[in-house]
Amino acid sequence: MRHVPLKNRSLYGSDLAFLHHHYYSGFVDSAAPRAISMLQKAGIRAGTVCDLGCGGGQLSELLLEAGYQATGIDISPAMIRLARQRVKNARFLQGSVTDLTLPPCDAAIAIGEVFNYLPSAAAMRKAFRNVFRALRSGGVFIFDIKEPLPEKQTRVAAQAGRDWALLAEIEEDPAHNRLTRTIHTFRRAGHVYRREIEIHRQCVLPAKQVAQMLKSAGFITRVLKGYAEHPLGRDRKVLLARKP
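This note's numbering applies: residue 18 is where the sequence shown begins, and numbers increase by one.
What follows is the structure, encoded as structure tokens:
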């Protein structure tokens with residue numbers, strides 16, 4: 018079949034958002050209940066939780082089921098549309114965690130390398146200050162990050178379904194704290210396949226450095242190996258922070 022090319026420079030345009038939500042949500046599906054368990058263990062058993070980088074709304078849905086109020090925030094309009102379709106009783110806002118005025122909340126959770134998508138350490142610091150302002154005293158902030166690997170790596174990953182395919186070229190450059198994913202999606206559109214290309218650039222920093230940035234923003238911080246005693250792997254960590 019013919020391919021119809023379409024260049025898409027946004028983060029999680031309509032096709033990638035759809036594929037990520039329906040076929041690549043395993044990490045969020047497993048981490049979300051564990052993050053809520055951590056929240057409860059930290060003493061936050063009710064109130065409003067900001068779901069940062071909410072994607073298709075999986076965490077927001079579980080937060081509502083656990084008795085919280087949820088506000089989901091994502092920079093991708095396509096992801097926000099999917100979240101609103103999935104979760105009717107949560108509030109969803111489209112925007113960046115660095116610039117959007119976050120609503121007052123008792124906790125904030127970000128699952129899936131959300132803060133790695135910020136372009137620099139300076140942007141992370143700005144985002145952490147933004148979250149700190151939104152949290153009430155005693156509020157908890159939980160998120161995971163990807164750390165740099167010891168050496169430069171390049172690899173390719175591919176997967177396909179009945180009416181779609183995805184190819185990702187991944188380059189890790191620890192010398193410059195950078196990871197780049199060039200993602201090609203192919204999705205059936207009638208008798209042809211529509212092609213989209215997105216380039217995702219991540220800022221990858223050591224967890225100790227990120228923890229120090231949180232402390233500078235005012236948080237009391239711990240670095241963990243995973244969500245609720247479930248390690249994420251050698252290049253991923255979870256940050257658990259509290260506003261005094």
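No residue lacks a Cβ here, since even glycine has one placed at the ideal position from N, Cα and C.
Predicted model only: the values in this text are computed from it and were never measured.
DSSP three-state assignment for residue i, whether helix, strand or coil
{"i": "Lys163", "result": "strand"}
{"i": "His201", "result": "strand"}
{"i": "Leu241", "result": "strand"}
{"i": "His217", "result": "strand"}
{"i": "Arg179", "result": "coil"}
{"i": "Tyr134", "result": "helix"}
{"i": "Arg253", "result": "strand"}
{"i": "Val236", "result": "Before going on, a small fix: residue 236 reads as Phe here, not Val. Coil, per DSSP."}
{"i": "Gly72", "result": "coil"}
{"i": "Pro248", "result": "strand"}
Same chain, Cβ closer than 6 Å to residue i, five either side skipped, listed in chain order
{"i": "Gly72", "result": "Met96"}
{"i": "His201", "result": "Leu184 and Ile214"}
{"i": "Ala258", "result": "Phe158, Leu231, Phe236 and Thr238"}
{"i": "Thr197", "result": "Glu188 and Arg218"}
{"i": "Ala127", "result": "Leu69, Gly70 and Phe160"}
{"i": "Pro223", "result": "Glu164"}
Cα-Cα separation between residue i and residue j, rounded to whole angstroms
{"i": "Tyr29", "j": "His37", "result": "8 Å"}
{"i": "Cys67", "j": "Glu186", "result": "32 Å"}
{"i": "Arg142", "j": "Glu164", "result": "17 Å"}
{"i": "Glu188", "j": "Glu82", "result": "39 Å"}
{"i": "Ala52", "j": "Ser42", "result": "15 Å"}
{"i": "Arg86", "j": "Ala206", "result": "According to the sequence displayed, residue 86 carries Gln and not Arg. If I take the Cα positions, the gap works out to 38 Å."}
{"i": "His193", "j": "Pro136", "result": "12 Å"}
{"i": "Arg103", "j": "Thr65", "result": "19 Å"}
{"i": "Met18", "j": "Ser27", "result": "Interpretation of Met18 is limited by its pLDDT of 42, a score under 50 that renders its predicted location unreliable; the figure taken from the coordinates is listed afterwards. Going by the C-alpha atoms only, they are around 26 Å apart."}
Same chain only: Cβ atoms within 7 Å of residue i, ignoring 5 sequence neighbours per side
{"i": "Gly84", "result": "Ala63"}
{"i": "Leu23", "result": "Any reading at Leu23 must be qualified, since the residue scores a pLDDT of 44, below 50, and its modelled position is unreliable; no value is offered."}
Beta-bridge pairing of residue i - partner residues as DSSP gives them
{"i": "Pro88", "result": "The question names Pro, but residue 88 in the sequence shown is Thr. Partner(s): Cys67 and Arg108."}
{"i": "Thr171", "result": "Glu188"}
{"i": "Arg98", "result": "According to DSSP, which records beta bridges pairwise, Arg98 is partnered with nothing at all."}
{"i": "Pro261", "result": "DSSP lists no partner for Pro261."}
{"i": "Phe158", "result": "Ala125 and Ala258"}
Nonlocal neighbours in the same chain, by C-beta distance under 8 Å from residue i, ignoring five residues either side
{"i": "Pro191", "result": "Pro165, Leu166, Pro167, Glu168, Lys169 and Val221"}
{"i": "Phe109", "result": "Cys71, Gly74, Ser77, Thr88, Gly89, Ile90, Asp91, Ile97, Ala100 and Arg101"}
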